[in-house]
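Undergrad:
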Amino acid sequence: MKPSPQLMEEYGRVRAAALAEAEERRQAIFAQFPRLGEIAAARKALTYDLGKALLSTKDPLAARRAYSRQMQALLQEEQAILRENNIPSAFLKPVWRCAACQDTGYVEGPRGEKQMCACLARRVLEERFAQSSLSEQERFETFREDIFPSPRQRKATCRARDICREYADAFPHNQPPGLLILGQAGLGKTFLLNAVAVRVLERGHSVLCLTAYAYIQEVLAAMNSRQPLPDLTFPELLILDDLGAEPMLNNVTRESLSNLLDTRQRKGLATAFSSNFTQTQLIEEYGERFAFRLLSPRNTITLELAGENLRLRA
Ligand SMILES: [Zn+2]
1 MKPSPQLMEE YGRVRAAALA EAEERRQAIF AQFPRLGEIA AARKALTYDL
51 GKALLSTKDP LAARRAYSRQ MQALLQEEQA ILRENNIPSA FLKPVWRCAA
101 CQDTGYVEGP RGEKQMCACL ARRVLEERFA QSSLSEQERF ETFREDIFPS
151 PRQRKATCRA RDICREYADA FPHNQPPGLL ILGQAGLGKT FLLNAVAVRV
201 LERGHSVLCL TAYAYIQEVL AAMNSRQPLP DLTFPELLIL DDLGAEPMLN
251 NVTRESLSNL LDTRQRKGLA TAFSSNFTQT QLIEEYGERF AFRLLSPRNT
301 ITLELAGENL RLRA
């Protein structure tokens, strides 16, 4: 999936604004400490001279050495002035919305290739799936242990929370890679999945959350307009909430979910589900091919929540 021109335009705007804002800050500081302005100019000139020297010199190593020596001296002088005047060194630098890609949307991959930054990948998916919803409020930090009607339910749900948190903290190196949370409505399944999503996103990985219902709607829309099915192999973690609430359509629901899970498992990508169904109901509703793949302990950690509906008590 490619970012839309509007999205890339937004990135360009955000980056230009960060650079302009930093330049304004730098000029204000240079006005106050002219030597800092001279150092900045000298650094620029030094880099320019190195580029020129490398084109003509017979000894590029010596040129580079001289460059780093002089650059080092300038940087040290700059740091000393900043320290003396209690100016954080970050003051001279732009404040990026995303530090990883400096608001370009792209980072260097493991083999030096240009690849989409997690921040842009997330935006592309969000744009594609407007239903994709993630609540910043539902996170491990806001999990309340005092809302459970019985010590037993609290203990079991806290245990599930701990497993989910370990899962999110280890991501993407979990064995098994998948996660499935079962239980009736109102026991906190969506909260836990959401908390996993927020934590995994914060750790810099791409995540897409959508309901199984929204996924099937996308599949139907694609089939009706003879477009290719939505490509969900992009996010490192795909969360399909509320499996079982989507319409069960012949030749569509089971097949597309099976193919989706197959493809992601083959690529070693993690998929997390929640469902009101029991394991037996999952097998009955979705058939053995999908259910066994999903429920196999080799593929998935399965958690079952039980107890009283927490929403009805609130
Ligand atoms: Zn980024």
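The letter at position 171 of the sequence shown is residue 171 when you use this note's numbering, and the numbering goes up by one with no holes.
For glycine and all other residues, C-beta sits at the position ideal for the given N, C-alpha and C.
For residue 303 versus residue 163, is the C-beta distance shorter than 8 Å?
TA: A Cβ-Cβ contact shorter than 8 Å links residue 303 with residue 163.
Undergrad: Are residue 327 and residue 246 touching if we call contact CB-CB under 8 Å?
TA: In the structure displayed, the chain extends from 1 to 314; residue 327 sits before or after that span and is not available.
Undergrad: Which residue from 74, 290, 32 puts its Cα closest to that of residue 257?
TA: 290
Undergrad: Mind checking residue 214: buried by the 16 CB within 10 Å criterion, or exposed?
TA: buried
Undergrad: Could you tell me whether the Cβ atoms of residue 191 and residue 165 are closer together than 8 Å?
TA: no
Undergrad: Could you spell out where the beta strand (DSSP E) holding residue 116 opens and where it closes?
TA: 114 to 116
Undergrad: If I measure Cβ to Cβ from residue 296 and keep anything under 7 Å in the same chain, skipping five residues before and after, which residues do I get?
TA: none
Undergrad: Just to confirm the assignment, what range does the alpha helix (DSSP H) spanning residue 258 have?
TA: First-last of the alpha helix (DSSP H) with residue 258: 253 to 266.
Undergrad: With DSSP as the reference, label residue 87 as helix, strand or coil.
TA: Coil, per DSSP.
Undergrad: Would you mind working out which of 29, 144, 267, 95 sits nearest residue 16, comparing C-alpha positions?
TA: 95
Undergrad: Do residue 240 and residue 124 have their C-beta atoms within less than 8 Å of each other?
TA: no
Undergrad: Rounded to whole angstroms, what is the Cα-Cα separation between residue 272 and residue 264?
TA: 11 Å
Undergrad: Going by the DSSP bridge assignment, what does residue 142 pair with across the sheet?
TA: Within the DSSP secondary-structure output, residue 142 pairs in no beta bridge.
Undergrad: Indicate the three-state DSSP secondary structure (helix, strand or coil) for residue 68 in the structure shown.
TA: helix
Undergrad: DSSP three-state call for residue 107: helix, strand or coil?
TA: Residue state, collapsed to three classes: strand.
Undergrad: Please report the residue range of the alpha helix (DSSP H) in which residue 231 lies.
TA: Here residue 231 belongs to no alpha helix (DSSP H), and DSSP marks it neither H nor E.
Undergrad: For the candidate residues 202, 255, 119, 160, whose alpha-carbon lies nearest to that of residue 223?
TA: Residue 223 has its Cα closest to that of 255, out of 202, 255, 119, 160.
Undergrad: Helix, strand or coil for residue 273, going by three-state DSSP, please let me know.
TA: strand
Undergrad: Please go through the same chain and pick out, in chain order, the residues whose beta-carbon is closer than 7 Å to the beta-carbon of residue 138, but skip the five residues on each side of it.
TA: 191, 194, 195
Undergrad: Helix, strand or coil for residue 178? Go by DSSP, reduced to three states.
TA: strand
Undergrad: Could you tell me the distance, in whole angstroms, from the CA atom of residue 13 to the CA atom of residue 104?
TA: Going from the Cα of residue 13 to the Cα of residue 104 covers about 10 Å.
Undergrad: Considering only their Cβ atoms, is the gap separating residue 177 from residue 53 smaller than 8 Å?
TA: no
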